Every structure is written in structure tokens, then in C-alpha cells.
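Below is one structure; the comments refer to it alone.
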Amino acid sequence: MSNPTLTWNLVKDVHELLAYQFMVNALQAGTIVAVMAGVVGWFMVLRRQSFAGHTIAVMSFPGASGAALAGVPSAVGYYVACGIAALAIGRSGGAGRRGAGGGGRGAIAGPGGSGESAAIGVVQVAGLALGYLFLSLYGGVFEELQTLLFGTFLGIDRNEVLTLGIVAVVVLTVLAVAGRPLLLATLDPEVARARGVPVRALDIGFLLVLGLAVAATSQITGALLVFALLVAPAAAAQTLTPRPGLSLLLSVVFALLVMWLGLAVSYFSIYPLGFFITSFGFVLYVVAKLVRHVAAWVKRDARPREPRAAAVA
Amino acid sequence: MLAHEFIRNAYLAGSFVALACGLVGWFTVLRGQVFAGDALSHVAFVGAIAAAVVGVDERVGLFALTLGLAAVMAGLGRRAQADDVTIGVVFSWVLGIGVLLISVLSTGSSGGDGLIVANTLFGSIFGLSLGQGLVAAAVGLGVVVAVLAIARPLLFASLDPELASLHGVPVRALGLALLMLIGIVTAEGTQAIGALLVLGLIAAPAGAALRLTRKPYLGMALSAAIALAAMWGGIALSYAIPSLPPSTAIIALAVGAYALASVASNIAAWAPMSNPRERRPVSEVRSP
Numbered sequence: 016m017s018n019p020t021l022t023w024n025l026v027k028d029v030h031e032l033l034a035y036q037f038m039v040n041a042l043q044a045g046t047i048v049a050v051m052a053g054v055v056g057w058f059m060v061l062r063r064q065s066f067a068g069h070t071i072a073v074m075s076f077p078g079a080s081g082a083a084l085a086g087v088p089s090a091v092g093y094y095v096a097c098g099i100a101a102l103a104i105g106r107s108g109g110a111g112r113r114g115a116g117g118g119g120r121g122a123i124a125g126p127g128g129s130g131e132s133a134a135i136g137v138v139q140v141a142g143l144a145l146g147y148l149f150l151s152l153y154g155g156v157f158e159e160l161q162t163l164l165f166g167t168f169l170g171i172d173r174n175e176v177l178t179l180g181i182v183a184v185v186v187l188t189v190l191a192v193a194g195r196p197l198l199l200a201t202l203d204p205e206v207a208r209a210r211g212v213p214v215r216a217l218d219i220g221f222l223l224v225l226g227l228a229v230a231a232t233s234q235i236t237g238a239l240l241v242f243a244l245l246v247a248p249a250a251a252a253q254t255l256t257p258r259p260g261l262s263l264l265l266s267v268v269f270a271l272l273v274m275w276l277g278l279a280v281s282y283f284s285i286y287p288l289g290f291f292i293t294s295f296g297f298v299l300y301v302v303a304k305l306v307r308h309v310a311a312w313v314k315r316d317a318r319p320r321e322p323r324a325a326a327v328a
Numbered sequence: 002m003l004a005h006e007f008i009r010n011a012y013l014a015g016s017f018v019a020l021a022c023g024l025v026g027w028f029t030v031l032r033g034q035v036f037a038g039d040a041l042s043h044v045a046f047v048g049a050i051a052a053a054v055v056g057v058d059e060r061v062g063l064f065a066l067t068l069g070l071a072a073v074m075a076g077l078g079r080r081a082q083a084d085d086v087t088i089g090v091v092f093s094w095v096l097g098i099g100v101l102l103i104s105v106l107s108t109g110s111s112g113g114d115g116l117i118v119a120n121t122l123f124g125s126i127f128g129l130s131l132g133q134g135l136v137a138a139a140v141g142l143g144v145v146v147a148v149l150a151i152a153r154p155l156l157f158a159s160l161d162p163e164l165a166s167l168h169g170v171p172v173r174a175l176g177l178a179l180l181m182l183i184g185i186v187t188a189e190g191t192q193a194i195g196a197l198l199v200l201g202l203i204a205a206p207a208g209a210a211l212r213l214t215r216k217p218y219l220g221m222a223l224s225a226a227i228a229l230a231a232m233w234g235g236i237a238l239s240y241a242i243p244s245l246p247p248s249t250a251i252i253a254l255a256v257g258a259y260a261l262a263s264v265a266s267n268i269a270a271w272a273p274m275s276n277p278r279e280r281r282p283v284s285e286v287r288s289p
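Line by line, the protein sequences give chains E and L.
Residue numbering for the first sequence follows our numbering, beginning at 16 and increasing consecutively.
Residue numbering for the second sequence follows our numbering, beginning at 2 and increasing consecutively.
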């Protein structure tokens, strides 16, 4: 393969991108992962469960190193470890969400709420410590650790793309069916409970779906960077609009944009995919924040003028 | 066991780092800022890699990055507490920079870089020299003194920020101070038990202490004691079982303490209900 170079001819660049099978696989896998992460991440950010999401993401490290030690396929390790972590966090209750209706955002959690965030932290380090033990028992090849934590998109084969597709269909179907009650249970648990929505079951169910999505995604982006794809597009979308349907759509679009740009740029560069994905996500979030601030500023600036104009008239 | 110099250094550094983690961790858990502590500790690893790329002492990178991020997080949030989405976005970006730096490091030099990465992620308490041990002990002691000095106002500001600010307590400054202290502890703890695991010494002993007692000073003392016990026991255990990495042993003991405390507090909460004298008022309250 000759060294790829970026030219100003976009059509030629895209053509070059699609010339290799590994790149087509990467783009397909990336697209599936981005759609899934955009949707699941949107719920995660809305539920303020970033810490739980990060913890489940990190669990793919003990999962993969445990699978290597036990001699089973690493994908099995990913799904098992993420599932166990989701259940452990769900059992400790609440998953770091404090206060109803977002009122507890800046507030200090009471002894109950603080205990939950400690529980998630404990689950996380327990998993990481186990992962380190597995790796050192396995005789730790270091390159593998780096791939586990930071991912690779070069070695994706057709089977993996197919598996990702199946997982994505399962995840999206579950969320399509449970989406409305989940939204209600997230925004107003009291009302949801009064209407007979099984809030607790939805809590644990969502964590399991999150675990499934994260286990699939982290095989591409690595344990530490899955989180960037989950949180940044969703956070940017929710910053821009309060309407649920629109911001969900925006979240998916942003995730796709970040993934495609990241893959394309990292193909033409010597630097890793993870760096580009996290950077594009971060820039997106900052731009969304700026747009919101400017919009709020324009609005506030416009408002006092109206009464004055009315007085003159 | 203590005849070995590396074990003595490990105990020297580990003891004070554990005490500092236990005390700072108690406030971290009380205020529900474990995610912030998590972000700071993972970011410490990027600091160490950056220092290796630039070619300066890794402690410079560790402290610069953790203290910098602590200030950013304090600046972004109301009451010096950033909300979890902001933490998540900022910290995943810093990790992305870490990935970039690793690839720069591994294309620039030949070998040795993998060891740096593994050591900063999972620590190397048995690899500390006497000088490093002394510095770690001094920093740990400094953090302990600082936490005890601001403990009273910080407790007030944590439990009732509105009332505290009415009484003239500088709530924002205290929030920043705590984040800075978390930053210092994670930077120092990264050398001992690693960037990915230092959170265990912050969250687990403190979580256990808060489940066992609501009394603040008793809780702080208990948290520091559990962290210290996990550190001492972990080092000894790992010395006895060579295939067990010290960081894993230390974290296993801390997590075990947390699990025991959870069980104990669940039993304590359940016991009064099985007592008939205590049960009646509860049913009376519920019946109307």
C-alpha cells in the first residue's frame, strides 16, 4: 500500500478511502457503532449516568484480559464483563442519578446519593484491578493492553461487522419499544411510578442495554474512548435543543459525523483514531455550548427592547 | 520482609499516600464527586506520558495536568462542582490526547515506552527509590495537614452550602481547594498504585466509612484507617504471593472492606425492623 496522501480533490480522496476492504469494513462498523452510541448515549446523558457509562466501558478491559487468560474469544469476555458491571451498578441502585427532574445537578448528594457514586467507583476499580491481575497472570503482552484500552479499527473482519449489526438491531429495537416509558421514568420518576411504569426494572434494563452497546463499541474504539462517542455527541445535541425527538436525531447525526471524520482523517494521518474521535467530539461540544450562549445572549438582548419600543409607540 | 529496601520504601510512601487518599476520599464521597476524582486520576496518566514525551520528570507532568484539570472543573461548574456531562466530555478529550502522545512516544523512541505506560496505568510501588518514597511521604503528609486544616468549614460547606455561604464561609474556594487536593493525591498515588487504580483508595475506604458511621470526624479517621490497612495488608500480601501485583492486592483489600461495610450496614438497617418494639411505630406511620 502506498502512503496515502490527502489532496484537495475530495472525490478522489473518498474513492481512495473505499478502495481497501479493511477500510470499508471499518467504515461500516464505525457507522453501526456511531448510530448505536448516538442513541444509547442520548439516554445516558439525559439520565446523568455518565459515570456509570464510563465504568461499564472500562469493564471491557478485565473482560478481554480475562477472556485471553481463559482462552475464550475476547468478544465473549467483553459482553460478560460489561453485563456483570451493569448488573452490579444496577443493584447498588440509582446509578448515580440524584434528585428527580435534574434538580440535583449542582446540589450535594445526601448520604444515600453519595453512597451510590462511591459504589460505582468501587465496581470500577474492582474490575480494573482484576483486569490487571488477569493480564499479569497471562504474561501481559503490552501491545494488547494498548489495543484493549485504546482500540484499533484496522483488523475488523466481515464477521465482526455482522455481529455489530445484530447487536445494534437488538439495542435499537429494545430502545424503540421501551423508549417512551424510559423517557418518562427518566424525566419524572414519581409520575411514571404513579402510572404503573416499572421504573426500577427500566433502570436496570437500561444499564444492561448500555452494557451491550458499550461492549460492542469498545471493540472498535477501545475501553477508554468508547465514552467519548457516547457522551460528546449526545451532550452537544441536548445543549442545542430541548426537544427530545430533534436532539435524539442530532445526537445520531453528530456521532456519525465524528466517526466518519475521525476514520477519514486517521486514514490519511499517522496518528490514532481515538485522538481524532475525542477531539472532534470535544470541539463539537464546545461549539454547541458557544452557540447556546450566543443564542441566549441574543434573546436576552432582544427582550428588554420590546417594552421600550412599546413605550415609544 | 522489611530487610528489603524496596519494601521499606513502599511502606514509607504507601502509608502517607493511603492516609491522604482516605481523608480526601471521605469528602469526595460525601460530596458525590467520585466521578471528578475518577477523571482526575485517569488524566494523571496522560500527564505522565506527556512528561515522558517532553523529557521532563514525570511528576512535573502528573501535577501540572491534575491541578490544571482540577482548576478547569472548578471553573466550569456552579459552586466549584462541574456536572457529570462536562466532566465526561473534557476528560475523554484529555484521554484522546493521551492516545496521541502514546503513539508519538512509540514512534519516537525504541522500547521502554511500554513500561512507562504500564507503570503509570497500574503503578509500581515496589519500584520506588528512597528519594521518591520520601517525596511521596512528604506530599501525603502535606495533604493530610491541609485537609485537617480546612475540615471544619469544608464540612459545613458540603452539608449546607447555602447556610455556609450566608455565614461567610468561602464555599467556592473550598470546592476548588478540595479538587486541588484530589488532584495532588491522584498525582502522587499514580506513582504508587497507578492512574487507573488510585480511585480505589479514594472511593472504597471512604464509602465504607460513610456506610458505617455518620459522625464526621470518626468517619474521616475510619476512612484513613481502612485505606492504611488496605495499603499495609496489600503490600504484605503481594510480597507473600509473588504472582499477585501489589496494586491489585491493595485494591482487593479496599474493595473487600467496602463490601463488608455494605453488608454490615444492610444488616444494621434490617435488624431494627425485625425487632417488634421498633416495628410498631413504622406500621403506625404507614397505616393512615
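Think of the CB as a built atom: it goes at the ideal place given N, C-alpha and C, for glycine as much as any other residue.
Keep in mind that this is a model prediction, so the values were computed, not measured.
Cβ-based neighbour list, residue i, same chain, cut-off 7 Å, excluding 5 preceding and 5 following
i	result
aspartate 58 of chain L	Ala52
alanine 65 of chain L	Gly48
tyrosine 240 of chain L	Met2 and Ile8
alanine 133 of chain E	none
valine 118 of chain L	Ile50 and Ile103
glycine 99 of chain L	Phe46, Val47 and Ile50
alanine 122 of chain L	The amino acid at residue 122 of chain L is misidentified as alanine; the sequence shows leucine. Once the five neighbours on either side are set aside, the close Cβ partners of leucine 122 of chain L are Phe46, Gly195, Ala196 and Leu197.
serine 16 of chain L	Leu229 and Met232
Reduced DSSP category for residue i - H, G, I as helix; E, B as strand; rest coil
i	result
histidine 10 of chain E	Residue 10 of chain E cannot be examined here, being either before or after the span of chain E that is shown, 16 to 328.
alanine 124 of chain E	With a pLDDT of only 37 at alanine 124 of chain E, under the threshold of 50, the placement of this residue in the model should not be trusted, and no figure is reported.
valine 199 of chain L	helix
glutamine 34 of chain L	coil
valine 87 of chain E	coil
serine 281 of chain E	helix
threonine 256 of chain E	coil
methionine 2 of chain L	coil
arginine 9 of chain L	helix
lysine 216 of chain L	coil
alanine 238 of chain E	coil
leucine 169 of chain E	coil
aspartate 203 of chain E	coil
valine 44 of chain L	helix
histidine 308 of chain E	helix
aspartate 161 of chain L	coil
arginine 113 of chain E	With a pLDDT of 40 at arginine 113 of chain E, under the threshold of 50, the modelled position of that residue is not reliable, and the figure given next carries that caveat. Of the three classes helix, strand and coil, the one that applies to arginine 113 of chain E here is coil, per DSSP.
arginine 315 of chain E	helix
histidine 168 of chain L	coil
methionine 74 of chain E	coil
arginine 208 of chain E	helix
aspartate 84 of chain L	coil
glycine 119 of chain E	Residue confidence is low: glycine 119 of chain E scores 34 on pLDDT, short of 50, so the model does not pin down where it sits. No coordinate-derived value is stated.
glutamine 1 of chain L	No answer is possible for residue 1 of chain L: the residues shown for chain L start at 2 and end at 289.
Sequence-distant residues of the same chain with beta carbon closer than 6 Å to residue i, five excluded per side
i	result
valine 176 of chain E	Asn40, Gln43 and Ala44
leucine 171 of chain E	Note on identity: in this sequence residue 171 of chain E is isoleucine, with leucine being the wrong assignment. Counting only Cβ-Cβ distances below 6 Å, and skipping sequence neighbours, we find Asn40, Ala41 and Ala44.
alanine 205 of chain L	Ala255, Val256 and Tyr259
valine 140 of chain L	Glu189
glycine 53 of chain E	Pro248, Ser266, Val267 and Ala270
valine 54 of chain L	Leu102, Val105 and Leu106
Beta-carbon separation (whole angstroms), residue i vs residue j, contact threshold 8 Å
i	j	result
valine 246 of chain E	valine 48 of chain E	Not quite, the Cβ-Cβ distance comes to about 14 Å (not below 8 Å), so this is no contact.
alanine 79 of chain E	glycine 92 of chain E	5 Å
valine 44 of chain L	valine 95 of chain L	5 Å
phenylalanine 66 of chain E	aspartate 39 of chain L	7 Å
alanine 279 of chain E	leucine 265 of chain E	About 21 Å; that fails the 8 Å criterion.
glycine 146 of chain E	proline 88 of chain E	Contact doesn't hold; Cβ gap of about 17 Å is too wide.
Proximal residues to residue i (C-beta, below 8 Å), its chain only, five neighbours per side dropped
i	result
glycine 105 of chain E	Asp218, Ile219, Leu222 and Leu223
leucine 68 of chain L	Met181, Gly184, Ile185 and Ala188
glycine 128 of chain L	Phe7 and Asn120
threonine 11 of chain E	Given a span of 16 to 328 for chain E in the structure shown, any question on residue 11 of chain E remains unanswerable.
Residue i beta carbon near the ligand GTP (any heavy atom closer than 6 Å)
i	result
serine 130 of chain L	In terms of ligand content, the structure shown is empty, and the ligand GTP therefore cannot be addressed.
Minimum Cβ-Cβ distance from residue i to chain B less than 7 Å
i	result
leucine 101 of chain L	No chain B is present in this structure, whose protein chains are E and L.
Checklist entry - Which of the residues in the stretch 33-49 of chain L, read from start to end, lie with their CB under 9 Å from any CB of chain E? => result The stretch 33-49 of chain L vs chain E, Cβ under 9 Å: Gly33, Gln34, Val35, Phe36, Gly38, Asp39, Ala40 and His43.
Next on the checklist: Output needed in chain order: residues of the stretch 240-252 of chain L with a Cβ under 9 Å from some Cβ in chain E.
Outcome noted: The stretch 240-252 of chain L vs chain E, Cβ under 9 Å: Ser244, Leu245, Pro246, Ser248, Thr249, Ala250, Ile251 and Ile252.
Checklist entry - Between the stretch 202-226 of chain E and chain L, which residues of the former have a C-beta closer than 7 Å to a C-beta of the latter? => result Contacts with chain L (Cβ-Cβ distance below 7 Å) from the stretch 202-226 of chain E involve no residue at all.
Item to check | Within 7 Å of chain E by C-beta, residues of the stretch 189-214 of chain L in sequence order | outcome: Within the stretch 189-214 of chain L, the residues whose Cβ lies closer than 7 Å to some Cβ of chain E are Leu197, Leu198, Leu200, Gly201, Ala204, Ala205, Ala207, Gly208, Leu211 and Arg212, listed in chain order.
Checklist entry - Listed in chain order, which residues of the stretch 270-291 of chain E have Cβ atoms closer than 9 Å to some Cβ of chain L? => result Listed in sequence order: Ile285, Tyr286, Pro287, Leu288, Gly289, Phe290 and Phe291.
Checklist entry - Going along the chain, which residues of the stretch 50-69 of chain L sit with their C-beta nearer than 7 Å to a C-beta in chain E? => result From the stretch 50-69 of chain L, no residue has a Cβ closer than 7 Å to chain E.
Checklist entry - According to a CB-to-CB cut-off of less than 8 Å, which residues of the stretch 165-196 of chain E neighbour chain L? => result For the stretch 165-196 of chain E, the beta-carbon criterion of a distance under 8 Å to any beta-carbon of chain L is satisfied by Phe165.
Checklist entry - Looking at chain E, which residues of the stretch 119-148 of chain L have a Cβ within less than 7 Å of any of its Cβ atoms? => result Within the stretch 119-148 of chain L, the residues whose Cβ lies closer than 7 Å to some Cβ of chain E are Ala119 and Phe123, listed in chain order.
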